[in-house]
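Asker:
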Amino acid sequence: MISLETLILITILSPLLVCLLTPFLSSKPVLRDILGPIGGIISSWGAIQLMISVLNGDQPRLELLQIAEGISISFVVTPLGAVFGLVASVLWIFAAIYSVGYMRGNKEANQTRFYVFYAMAVHAALCIAYAGDLLTLFIFYEVLTFSTYPLVTHKQNELAQKAGRLYMSILVGTSVILLLPAIIWVWVVTGSLEMSQNGVLDGNINPEYAPYLLAMFVFGIGKAALIPIHKWLPAAMVAPTPVSALLHAVAVVKAGVFTMLLILTNVFGIEFLSKTGASNWLVWLASFTLLTTSIIAIYKDDLKARLAYSTISQLSYITLGGALASSLATQGATLHIITHAAGKITLFFVAGAIYVGAKMSKISELNGHGKSMPLIFLAFFIGSLSIIGVPPMGGSWSKFFLMLGAAESGYIMVIAVFCISTILNAYYLMEIPARAFFFKKEKEIKVKIPVLITVPTLITCVLTILLFFFIEPFENLTSIMVNNL
Amino acid sequence: MTDILIKNLPILVVLCPLMMSLIVVLIPNIFLSWLLTLVSTFVAFIFSILLYQEVQIYSSISYALGNWAPPIGIEYVIDKVSIIPIIIITLIGFLTTIFSSKMMPNEINEASISKVYSLWLLAIAGLIGLVTTGDAFNLFVFLEISSLASVALVAMGAQKDKQALVAAYNYLIIGAVGATLYVIGVGLLYGITGTLNMADLSERIIDLKNNKALIAGFGFMIVGIMVKAAIFPMHIWLPKAYAYAPSAVSVLLAATATKASLYILARILFSIFDISDTLITNTLTYVILPLSILAMFAGTIMAIYEKDIKRLLAHSSVAQIGYITLAFAIGTKASIAAGFIHMFNHALIKGALFMAITSISFYIQKRVTLNNLSGLGKTMPITFFCFVICSLSLVGLPLTAGFISKLYLIKASISAEGIWIALLILFSSALSVIYLWKMIEALWLHQPKKKIIIKEKPIIYISLLVITFLNIYFGLDASFIVDSSFEAAEKLVGVSK
Amino acid sequence: MISELIINAFLVTIMLAIGIALLKTRTVIFTVVLTSAYSLIAALMFITLDAVDVAFTEASVGAGISTILFLAAMAYLPKEEEENLNSQILPAISCMVLGGILIWCSYDLPEIGLLSSPIHQHIVPDYILGSRDDIGIPNIVTSVLASYRGYDTFGETIVVFTAGVAVLVLLKNNTNVSKQKNKKSNGKIG
Amino acid sequence: MERLVNMHKNPILRISTKILFAPIILFGLYVQFHGDFGPGGGFQAGVIVASAFILYSIVFGLDEGKKLFPPNINLFLLASGGLIYGGVGIASIILGEEFLSYNVLGSSPQSGQHIGILLVEFGVGLTVSNVMIALFNAFVGFKSGKDK
Amino acid sequence: MHLLVLSQEKISNMISSTIGIWNYWIVFLLMMIGLFLVIGRKNFLKKIVGLTIFQTSVFLLYITFGKIKGGTPPILNNAIDTIYSNPLPHVLILTAIVVGVATTALGLSLVLRINSEYGSIEEDDISAQDLVDYHDQIESSKKIDKKFVQ
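Line order of the protein sequences matches chains A, B, C, D and E.
Residue numbering for the first sequence follows this note's numbering, beginning at 90 and increasing consecutively.
Residue numbering for the second sequence follows this note's numbering, beginning at 119 and increasing consecutively.
Residue numbering for the third sequence follows this note's numbering, beginning at 10 and increasing consecutively.
Residue numbering for the fourth sequence follows this note's numbering, beginning at 375 and increasing consecutively.
Residue numbering for the fifth sequence follows this note's numbering, beginning at 228 and increasing consecutively.
1) Please confirm if Y160/C has its CB atom under 8 Å from at least one CB of chain E.
2) I395/B to T497/B, Cα distance in whole Å?
3) Going along chain D in order, which residues have a C-beta closer than 7 Å to the C-beta of V325/E?
4) Between the alpha carbons of L93/A and W181/A, how many angstroms are there, rounded?
5) Can you name the residues of chain D whose CB is closer than 9 Å to the CB of I302/E?
6) Is the beta carbon of D8/C sitting closer than 8 Å to the one on P300/E?
7) Shortest alpha-carbon distance to A340/A belongs to which of D390/A, A324/A and H429/A?
8) Taking all protein chains shown into account, do 16 or more other C-beta atoms lie within 10 angstroms of the C-beta of G455/D, making it buried, or fewer, making it exposed?
9) Is V143/B close to chain D, meaning its C-beta is less than 8 Å from at least one C-beta of that chain?
10) Using the rule of at least 16 other Cβ atoms within 10 Å of the residue's Cβ for burial, across every protein chain shown, is V107/A buried or exposed?
11) Taking the alpha-carbon of S268/B as reference, which of G334/E, H362/E, D360/E and Y345/E has the nearest alpha-carbon?
12) Rounded to the nearest angstrom, what separates D372/E and P112/A at their Cα positions?
13) Please determine, among I528/B, H564/B and A432/B, the residue with the shortest C-alpha to C-alpha distance to L267/A.
14) Could you name the residues of the segment 475-502 of chain D whose beta carbon sits closer than 8 Å to any beta carbon of chain C, in the order they occur along the chain?
15) Excluding sequence positions up to five away, which residues of its chain have a Cβ less than 7 Å from the Cβ of K72/A?
16) Pull up the DSSP beta-bridge partners for Q155/A, would you.
17) Go ahead and pull the three-state DSSP assignment for G122/C.
18) Determine the chain B residues that contact I290/E at a beta-carbon separation under 8 Å, and present them in chain order.
19) I want to check one thing, is the minimum distance from the CB of I129/B to the heavy atoms of the ligand NAD below 7 Å?
20) Does S336/E get closer than 8 Å to chain D when you measure Cβ to Cβ?
21) Can you pull the chain B neighbours of E344/E, defined as C-beta to C-beta under 8 Å?
22) What residues are listed by DSSP as bridge partners for T251/B?
23) Write down the C-beta distance between S180/B and K198/B rounded to the nearest angstrom, noting that I regard them as a contact closer than 8 Å.
24) Within 8 Å of any Cβ in chain C, is that where the Cβ of H317/E sits?
25) Nearest by alpha-carbon distance to G73/C: which of L474/D, M506/D, G515/D and V514/D is it?
26) If contact means a Cβ-Cβ distance below 9 Å, which residues of the segment 553-564 of chain B contact chain A?
27) Taking contact to mean 3 or more Cβ pairs, one atom from each stretch, closer than 8 Å, check whether the segment 199-211 of chain B and the segment 240-251 of chain B are in contact.
28) Listed in chain order, which residues of the segment 50-71 of chain C have Cβ atoms closer than 8 Å to some Cβ of chain E?
29) Secondary structure at S140/C, three-state DSSP: helix, strand or coil?
30) Considering just the uninterrupted stretch of the alpha helix (DSSP H) at A182/B, what are its terminal residues?
31) Just the chain D side, please: which residues come within less than 8 Å of N126/B by C-beta, in chain order?
32) Round the Cβ separation of I231/B and S151/B to the nearest angstrom and send it over; I've been treating them as touching at under 8 Å.
33) When you compare only the Cα positions, how much space is there between Y194/B and L471/B?
34) With a threshold of 8 Å between beta-carbons, can P296/A be considered close to chain B, or not?
35) Along the chain, where does the alpha helix (DSSP H) containing Q594/A start, and where does it finish?
36) Might you give, ordered along the chain, the residues of its own chain that have their beta carbon closer than 6 Å to the beta carbon of G499/D, omitting 5 neighbours on each side?
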């Protein structure tokens, strides 16, 4: 029997190992490319084991090193962390396979570098998932930013550099100017960087200041892409599609909302928030973001840009769920991390597949191509349904819980917001399969999609359906998290 | 024998480079003079480590030169405060000497090298002497040794670029004015107390509250040292002096010279005078605090608009000195400790950054500007790697030494002055990302104009690697520097604060 | 007693006159000669203030060697100083402020020549007794210089040494290295 | 410079320099060793001795001066002055006392002090005189870039 | 008669105290003249002269501190009750003089080199030349860059 500490180590170190080994295999592409999926399988196995132990009521803990008195690097698997860890590691398997197909199909340069930083980003995401204190969280938050920078600027042209600059300046800027002082503020008032299931601030901070501290956190976590600081996400679309998939489904944005949820639940604590109403303003900001970006998404013709705005909107669901400060909404938000990840990664895979197979990136070009790549568009259709929240897709559960949560905390307006946004979702996502299947084809294009791209796309697509039927373990997990509160 | 060694450590750590400089000047062989320099700096480093251990046991060592009891004779004081700059200087001195082995022959003609190494040792010895001494006038003498030697070293850059001469000249004149102001201050204090020994002085000025000559003397000393420490707006000599000095000299000066002066500043403010004195609190809040904040921003903004990399780093030094003085100005135990932590870490960071940039200029054989950094990141992976790590450390990202200092600085400022100073610190360090990122982007993303093939030489990058390693090491296990800085701060402001 | 002070005041006034002349003159040779005269009068001042050793040194070093160096350097330098173009108000103001502070503080300085000031009472008696008993050298200045504060003197010898080496290295062997070595590049460019 | 070069042709200057040379050095030595009893000491003596050589160089030209006093020896003595001073200090360390505590150098503390002071003053004088000569040589021998 | 004696004493006291302060003041004034020459003048040689003046005046300040009324130079004699002037400032100033001449020598050698490289020792001329050089360096590397891009 492997001890839980070793399990944590296995889970977080296997992507790092992949990252370190890849450069040595740059001359042997096959070995190098197979490394990613293997690492993914190992770390998913670890993540599943960890989740099971959390379901059994354990809380695995690992103290890595002590920097100075009261400052250390440590890992703890919370229910929330277990969910995010699982999402990140499982989806990495498919993303890794997919990226092999994409990179080869597209004949990209600097593939080794790409895989190195790809694995590095996953490593950082997993470390965020299992972060045991605020410092560890912050460190790997930054590592994630820096490791994705070479991925975003992979093409190294003028556009990529510009995007990279925006990406770095927003993410690093916000985190250094706001997130870090917020963390230090918490350190100063509580005297420790630890987090706890019920929040650590209650009784330590004057409730009048709580909204300001919350604001520093909310705007400091640039990766959660709330409205004034969301610009980096569409800009980062210049990256290759596997990166976009990683950014939008697996690692970066999920790390952002995960951090947000963690701060809301484990630093402030839901009770503290509902008692003081410190997060009321956040509810409205998130709702605003949710609607505005949905509307912007309608006007985007570039497929990846539309998906990017859709992502921003979906992230706000999760932030909103946390801000509502009710246990049901928190459950919903946590579930939405999973379901949205599965749905959105499918959509991005499809976008990449279309680009590799048919060299198209505009929605208006897609007219009538549904028949030439039927499986791909079917996958897109199912993924969209999940995002919209139609049963029997996984996405329906999370929306259901979110709405219940909104009702529980008495925000009737928020339910209305959810409804409107669902309609908008349906409009901008359904347009794509509709164009593909029902519009008239304008010109004939030779389509060739590699198997390594099709297979992962279909698997994640199936996952979205499976999630509807096998949501129970996750629900249990979230209820453990909420019951502890 | 070991008894004698241990007993005389405080003087030996200075004598070792000092006497060696007298010998090195006579040796015409380049390699031999380098080797002797290396050996003596290494021995000095070992001595400083031994001293550190001694200080851990005895807390404060007083060494009476010539065996004359302190107020009569000159005293060397090594306590938990002064050991920090001693370790910085000897460590950096040793590492830069390794680094200089290829740089010196490249930039300085063969006939002068042994003399240059002699001056090099004198600069190091002067700095060590300056921080060890407990006598206000002896401090001036060693200040002059180090500054004359460093001026001459800076002027050696003229063999590459004539601007070095003007830089050295300004350094000399401004430095001499600073030193003379300091001497006036010491004179005024001496005139009213009759003593030059710092410890004795601090006792005898207690009865002299509100004495005008005391205030003026204090003011002159502080201004003189501020000039030497390049505190805004007395920093004008610094950027050019660092930028046009020969490579190895830039590294040495950037990492050590101002640190010694900053230490003296702390010593005057908190040790000779008393933090509870209104004179000091007023000086801190109304003079040093605003100047430090100005320095933080002025230095950073100048650096953002600078194209010449060595000058850019020098401007950034001005800003970083601002952080250190800001920490002193807040004036609590925690903040002074933060100042010492940053003093140590900044020496490591700036030393490494200058090393990386000057080794690039060694390989490409011209001044490094933003434009000709293009694409060198790939041709010089080791240097580039170290450069990136140390840039991150300068910004203060976690797991690097820079983070520890920022962390303690911010924590101290939040608990003392509220959030706004902390926000200013963070804002200026976020601004510093801009100029660092410009360099990294140029190194990494821009296409080189010509294909340049460079083979990195181990003798050049070894000390860069060591400093980078230390940057990471002190980011992971900061207990050494954090503990010693807190002890130093406690020694300076007393247990009460 | 008063006569001593009056001589003093007289000398100091001459020095002031030289200082003002230095502000006015723009001819280099005058400047050098005036500086030399300034040092000499300072040396006289030192004698009236009982500092014979200092006077000796000032006369030989300040008025002697410095002047020789100035003259030697002058041979290579422009003979006239150019008129200042920029305004000198800022430097003038800062000097006045510093001078004002000094004059302000002068009221709290010990009166000149008062035996009871702490400066004469604190450490010096030890030196005078020690010089007689411990060291046995009549010239107290020498015994303080070489023994009590021998380390200062050591440092100062090193300062002189530093300056010597620095000037040697600056004025000799000053061929331009970059021109020599331009061809021998360390990175292959091609 | 012209006049400097031609000075040695003037017999008055030449002869009086030769006559003065030895007495100046003698006076320097007097100041050096009389420093214990009256004004004087290493600095002043060093400068006086240097002035003799400087006078010689002024009158007979720099090259003659260098022949009289070769730069190599100059450099050697320049460093050895400091070495003597430091050496005295180190000797007292080796004899078990603090740096520069002369008491242990002689049979009694007082004689030790005498020996120590004599030696360090000699070191100072050596360094100062040689630095002054070196400075003069360097300044006068400096070839301006424009002349090249 | 009595009054006259008293007033004479008074006058002498007054004169001595005025002259005492007068000495200080002039010394301060001299310092400031020196300092002004250093920071106000643009000629590099004049700055060094200013520095010399500045330092010499500081020496005077120290020596003035060391004076004792009715004292003799600090050389021991066998008479009892001799008041010796304070030797400590003398020692300090001996050191400072030598440090000062070292600074002057180094400064002069730098001025010589500057003159031979720039052909001028006026700050304005030199900074103008430097500015041109600096821009040349930046511009030249930029030009090559552009060529490559094209």
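Glycine included, each C-beta is placed from N, C-alpha and C at the ideal position.
Computed from a predicted model, the values in this text were never measured in an experiment.
Answerer: Judging by the given coordinates:
1) no
2) Ile is not the amino acid found at residue 395/B; the sequence shown has Asp there. Roughly 57 Å between the two C-alpha positions.
3) F417
4) 22 Å
5) F411, G412 and P413
6) The requested residue 8/C is not part of the displayed model; chain C covers only 10 to 199.
7) H429/A
8) buried
9) yes
10) buried
11) G334/E
12) Residue confidence for D372/E is low, a pLDDT of 47 falling below 50, so the modelled location carries little weight; the figure read from the coordinates is stated next. If I take the Cα positions, the gap works out to 31 Å.
13) I528/B
14) Y476, P483, Q484, Q487, H488, G490, I491, V494, E495, G497, V498, T501 and V502
15) No information on residue 72/A is available, as it lies outside the stretch 90 to 574 that chain A covers here.
16) S161/A
17) strand
18) What I290/E touches in chain B: nothing, since even the nearest Cβ is about 10 Å away.
19) For the structure depicted, the ligand NAD is absent and the ligand set is empty, with no information on it obtainable.
20) yes
21) A276, K280 and L283
22) Y194/B
23) Not confirmed; about 13 Å, so no contact.
24) yes
25) M506/D
26) W555, E559, W562, L563 and H564
27) yes
28) A51, M54, F55, L58, D59, A60, V61, D62, V63, T66, E67, V70 and G71
29) helix
30) No alpha helix (DSSP H) contains A182/B, which is instead part of the beta strand (DSSP E) from S178 to A182.
31) I467, E472 and F473
32) 6 Å
33) 33 Å
34) no
35) Examination of residue 594/A is not possible in this model, given that chain A is present from 90 through 574 alone.
36) Q406, G416, A419 and G420
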